[in-house]
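In what follows, a structure is listed as structure tokens, so that the remarks can point back to it.
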Amino acid sequence: MNETPFMEFLVSARKNANFLVGAFIILSVVFVAIFAPVLAPYGYDTANKADRLQPPSAKYPFGTDDFGRDMLSKVIYGARITLQIALIGTFIQMFLGVTVGMVSGYFGGFIDKFLMYIADLAWCVPGIILALAVVTLLGKGLNNSIIAISLVNWTQFARIVRAKTMAIKNQAFIETGIAFGEKTPAIMLRYIFPNIVPALIVMISMQLPSTVISTTALSFLGLGSQPPSPDWGLALSNGMKYVSRGQWLSIFPGIAMVYTVFGFNLLGEGIRDLIDPHVKSY
Amino acid sequence: MLKLDRLSVEYRVRGGYLSAVKDVSLNIGEGEIFAVVGESGCGKSTIAHSIMRLLPDRNERVLGGIYFEGHDLNALNDRQMTGVRGKKIGMIFQNPLDSLNPVYRSGSQVAEAIFLDKKNRAEVWREVIEFYREMKMPDPAQSVRSFPHELSGGMRQRVMIAMMLARNPKLLIADEPTTALDVTIEAQILEIMSRLRADFNTSILLITHNFGIVAEIADRVAVMYAGEVAEQGSVFEIFQSPSHPYTELLMKALPHQSKREGRLRTIEGSVPRITSAAPGCRFCNRCPAASERCEKHAPPVKHLSSTHSYACHNR
Chain A
0 MNETPFMEFL VSARKNANFL VGAFIILSVV FVAIFAPVLA PYGYDTANKA DRLQPPSAKY
60 PFGTDDFGRD MLSKVIYGAR ITLQIALIGT FIQMFLGVTV GMVSGYFGGF IDKFLMYIAD
120 LAWCVPGIIL ALAVVTLLGK GLNNSIIAIS LVNWTQFARI VRAKTMAIKN QAFIETGIAF
180 GEKTPAIMLR YIFPNIVPAL IVMISMQLPS TVISTTALSF LGLGSQPPSP DWGLALSNGM
240 KYVSRGQWLS IFPGIAMVYT VFGFNLLGEG IRDLIDPHVK SY
Chain B
0 MLKLDRLSVE YRVRGGYLSA VKDVSLNIGE GEIFAVVGES GCGKSTIAHS IMRLLPDRNE
60 RVLGGIYFEG HDLNALNDRQ MTGVRGKKIG MIFQNPLDSL NPVYRSGSQV AEAIFLDKKN
120 RAEVWREVIE FYREMKMPDP AQSVRSFPHE LSGGMRQRVM IAMMLARNPK LLIADEPTTA
180 LDVTIEAQIL EIMSRLRADF NTSILLITHN FGIVAEIADR VAVMYAGEVA EQGSVFEIFQ
240 SPSHPYTELL MKALPHQSKR EGRLRTIEGS VPRITSAAPG CRFCNRCPAA SERCEKHAPP
300 VKHLSSTHSY ACHNR
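For the record, the sequence lines run as chains A and B. Numbering of the first sequence is given in numbering that gives the first Met the number 0, commencing with residue 0 and proceeding in unit increments. Numbering of the second sequence is given in numbering that gives the first Met the number 0, commencing with residue 0 and proceeding in unit increments.
So this is what it looks like as structure tokens:
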């Protein structure tokens, strides 16, 4: 009787292959990011001019770049940046989206129209172009590119949260809460928000990979992280110059990127299967 | 205690206003159980919702006075109204199945009620368990930890009542509290409500379509038809000498255990759709005694005693 929803989740999670593989991949990335200084054989910015553009060898398993920096160390430290992008970026989007979506859905009327016009506006400009504009405005840099991507992507949260809020607002227990003397903020935070959380978790897990990809794209274009940051996107764009002489410069950061995004996707798919009753399969 | 003075509620519809409630005047005393009976769509729930200001607030207008302990509730702003809801007037709803927040343990929703009036944690939980015991919940110490979906309809309705009682309101509005429940649970809920009146002197506005419930626990009754009060009086007066033709026909339509009739009696016709402009008695299209006068003029209210009154031209 008193089995918590969380325990139920864990029990069914044990049988979900997507969830398990995704969780394994992401945990491995998190592990690497946390213990980067221990795992990396060199510092990510330790340049060794004598060993420029070395192919993979026993000394440099992933080779070295054009400044003689160890690629393995760069890839390992790069995991930190990627996770930072994923978590902070998605959190900002969620915060904006949930605030706008709940206010819009709960109050309706003019406020709703106004906020949704803004969301539509952000939605109808191609994302990467809008992000480019924002970065140009704020200046280059990792943090600014995270903000730029968030300003583009929050509308998806806002839309879903708004729809959920409107559906929940009309359920009987909201009327109970009002009849019971709850104030409007309490209705929104204690009655509506907790009932949105399942949809939100699914949204977050879907948004994580796309945030990583978009932000990395900005770094690739030279607007995000600046050298000597070990950012994978930056490493990829740097590797492009040497694509005929030193493919390892692009291959290893590329594989790391694919591995991480694939992990996020599987995890997202798994969580959606576990949480959303409509696609639950037994 | 609660006084409704010519309360009217109109919904805006295409082509004018639909009169859901028209000139309803009621007076509920302290510790009194007042029942409002009537068929579906006669405006009973609309009255309850307009007292609590829970109407969907886009397409309706409320006219007339709602006085609670001498204060006009219509004059309060939304913030002041929040202070009235729950604390002064509690309300339990028709459908206990969806009326609790699914993500919290049932007990913590009752605790929330007590927290709204600020007390410390351990004390609050003891009180919640005490409430569950009073509500005759099986194994109170355990069931406070259960989620709403783990409880049956009757248990959820009891949690709802506990929730409302926890704030100790002076008036409890029960909007068809037992409609979704089976008769054994219904009896328990009714017992809880009458105990409530006995122990805390709470007034109850009971909205129902069930004359059995009325006979069992109510002190006074208003019989509503198409938004108007057809007749009101003490339970005894209404059952002994129904004076409005509608009440009379309703009584005849009740199934009796003793008589072996073939079919139940019914009232011919159906409830008309009434816009605010319509003059005359709203029951006239179904009334056996209706005359031309009934169609043209609103019936006068006649008093049989200080409590018993009805609105009809012909009697």
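Yeah, the Cβ is synthetic: ideal placement off N, Cα and C, and Gly gets one too.
Any C-beta of chain B sitting closer than 8 Å to the C-beta of residue i?
i        : result
A:Phe179 : yes
A:Ala198 : no
A:Phe172 : yes
A:Pro193 : yes
A:Thr214 : no
A:Lys112 : no
A:Thr81  : no
A:Thr98  : no
On the three-state DSSP scale, how would you describe residue i?
i        : result
A:Glu174 : helix
B:Gln187 : helix
B:Asn73  : helix
B:Tyr10  : strand
B:Lys295 : helix
B:His148 : helix
B:Met136 : coil
B:Ile266 : coil
B:Glu320 : Outside the shown range of chain B (0 to 314) lies residue 320 of chain B, about which nothing can therefore be said.
B:Tyr224 : strand
B:Phe33  : strand
B:Ile27  : strand
A:Asp111 : helix
B:Thr178 : coil
B:Thr201 : coil
A:Gln225 : coil
A:Val124 : coil
A:Ser243 : coil
B:His312 : coil
Could you tell me if residue i is buried or exposed, where buried requires 16 or more neighbouring beta carbons within 10 angstroms of its beta carbon?
i        : result
B:Arg155 : buried
B:Lys295 : exposed
A:Val133 : buried
A:Asp37  : The sequence shown places Val at residue 37 of chain A, rather than the Asp named in the question. With fewer than 16 other Cβ atoms within 10 Å, it is exposed.
A:Val124 : exposed
B:Ser305 : exposed
B:Pro176 : buried
B:Arg219 : buried
A:Leu266 : buried
A:Lys163 : buried
B:His255 : exposed
A:Thr287 : There is simply no residue 287 of chain A to check, as chain A begins at 0 and stops at 281 in what is shown.
Under 9 Å between beta-carbons, which chain A residues line up against residue i? List them in chain order, please.
i        : result
B:Arg60  : Within chain A, no residue comes near B:Arg60; the closest Cβ sits about 18 Å away, beyond 9 Å.
B:Met159 : Thr175
Strictly below 7 Å CB to CB, what residues from chain A border residue i?
i        : result
B:Thr81  : Gly180, Lys182
B:Leu115 : Gly180
Give me the chain B residues within the contact set of residue i, using Cβ-Cβ distance strictly less than 7 Å, ordered along the chain.
i        : result
A:Thr164 : Within 7 Å Cβ-Cβ: nothing; A:Thr164 doesn't reach chain B, min ~15 Å.
A:Tyr190 : Asn100
Out of the options, point me to the one whose CA is closest to residue i's CA.
i        : options                                : result
B:Pro298 : B:Gln141, B:His243, B:Pro254           : B:His243
B:Thr178 : B:Tyr245, B:His48, B:Asn94, B:Met162   : B:Asn94
B:Ser240 : B:Arg314, B:Gly64, B:Pro101, B:Met0    : B:Arg314
B:Glu59  : B:Thr45, B:Ser193, B:Ala214, B:Pro271  : B:Thr45
B:Thr90  : A:Phe109, A:Asp230, A:Phe172           : Sequence check: residue 90 of chain B is Met here, not Thr. For the residues A:Phe109, A:Asp230, A:Phe172, the minimum Cα distance to B:Met90 belongs to A:Phe172.
B:Glu38  : B:Glu247, B:Tyr224, B:Ala288           : B:Tyr224
A:Met70  : A:Arg79, A:Phe90, A:Gly42              : A:Gly42
B:Leu53  : A:Gly180, A:Asn143, A:Val97, A:Tyr116  : A:Gly180
B:Asp301 : B:Asn167, B:Arg292, B:His312, B:Ile216 : The question names Asp, but residue 301 of chain B is Lys in the sequence shown. That would be B:His312, whose Cα lies nearest to the Cα of B:Lys301.
B:Glu190 : B:Pro168, B:Met163, B:Arg157           : B:Arg157
B:Leu17  : B:Leu3, B:Val35, B:Gly42               : B:Gly42
Verify the CB distance criterion: does residue i have a CB-CB separation below 8 Å to chain A?
i        : result
B:Phe130 : no
B:Lys86  : yes
B:Met223 : no
B:Phe92  : yes
B:Ala173 : no
B:Ala112 : yes
B:Leu75  : no
B:Ile154 : The sequence shown places Met at residue 154 of chain B, rather than the Ile named in the question. Not closer than 8 Å to any Cβ of chain A, the Cβ of B:Met154 fails to qualify, so no.
B:Leu53  : yes
B:Met162 : yes
Counting only Cβ pairs nearer than 8 Å, list the residues of chain A close to residue i.
i        : result
B:Arg166 : Phe179, Gly180
Between residue i and chain D, is any beta-carbon pair separated by less than 8 Å?
i       : result
B:Asp97 : Although the question refers to chain D, the structure presented lacks it and instead comprises the protein chains A and B.
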